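Numbering (the UniProt record's numbering), first residue to last: 1 to 217.
Ideal placement from N, C-alpha and C gives every residue a C-beta, glycine not left out.
These numbers come from a predicted model, not from an experiment.
Next up, the structure:
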């Protein structure tokens, strides 16, 4: 590009010098005293006149950009439509995921309460079974009365506490999620009746050959 500019300047200079050489002294004097005349001569050179003006260059650039934009408009519209559709699908998917999460959280919470209730019932029955084994061991003579009273009392009270907690949790579950079930219907099963738990004074059955068991207050 620089070589083209230098060649253009050289060509314009040669053409201008050829014209000036033909001037008379008076014409040269007039040219020296009037710079606008020299500018006019330069602008009228064929090489300069053939150059596009700055305005024409900008118009050509604008036209080229407009044509490029128009040619890309269908692609842009297609991409915008795909983007809008993808956004709608993302919003819909997000709502579905949030709804599923809420359902899972609700199920997990209910399942957690059910599991806790079942564990409490099982632990209450386990404590009852242990207390009965202790009584059987005492009846068979394998445990003295002091140890029996202490151990039996602890196991029975533990079973009683677990049973109370389990029944309370079942009431909460029924009031929040379940209708009042009839016997044998589905739902949270009732705790089966077992040997009565000691409340207040505890009396123990007499065993032949042994003194009566003390009562505790």
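Comparing alpha-carbon positions, the option among 152, 117, 153, 148 lying closest to residue 162 turns out to be 117. When only Cα atoms are considered, residue 121 and residue 130 end up about 14 Å apart. Taking 4 residues as the shortest admissible run, the stretch 28-84 contains the following complete alpha helix (DSSP H) segments, listed from N- to C-terminal end: 35-43, 46-49. Of the residues assessed, residue 172 falls on the exposed side of the cut-off, its CB having fewer than 16 other CB atoms within 10 angstroms. Under the three-pair Cβ rule at 8 Å, the stretch 9-19 counts as touching the stretch 38-45. Straight across, the Cα-Cα distance linking residue 134 with residue 151 is about 8 Å.
Residue 64 counts as exposed, since fewer than 16 other C-beta atoms from the protein chains shown sit within 10 angstroms of its C-beta.
The C-beta of residue 166 has 16 or more other C-beta atoms within 10 Å across all chains shown, which makes the residue buried. Linking residue 125 to residue 153 through their CA atoms gives a straight-line distance of about 15 Å.
Contact between residue 61 and residue 15 does not hold, since their C-beta atoms are separated by about 30 Å, which reaches or exceeds 8 Å. Apart from the 5 residues on each side of it in sequence, residue 90 has no Cβ closer than 8 Å to any other Cβ in its chain. DSSP places residue 24 in the coil class of the three-state scheme, outside both helix and strand.
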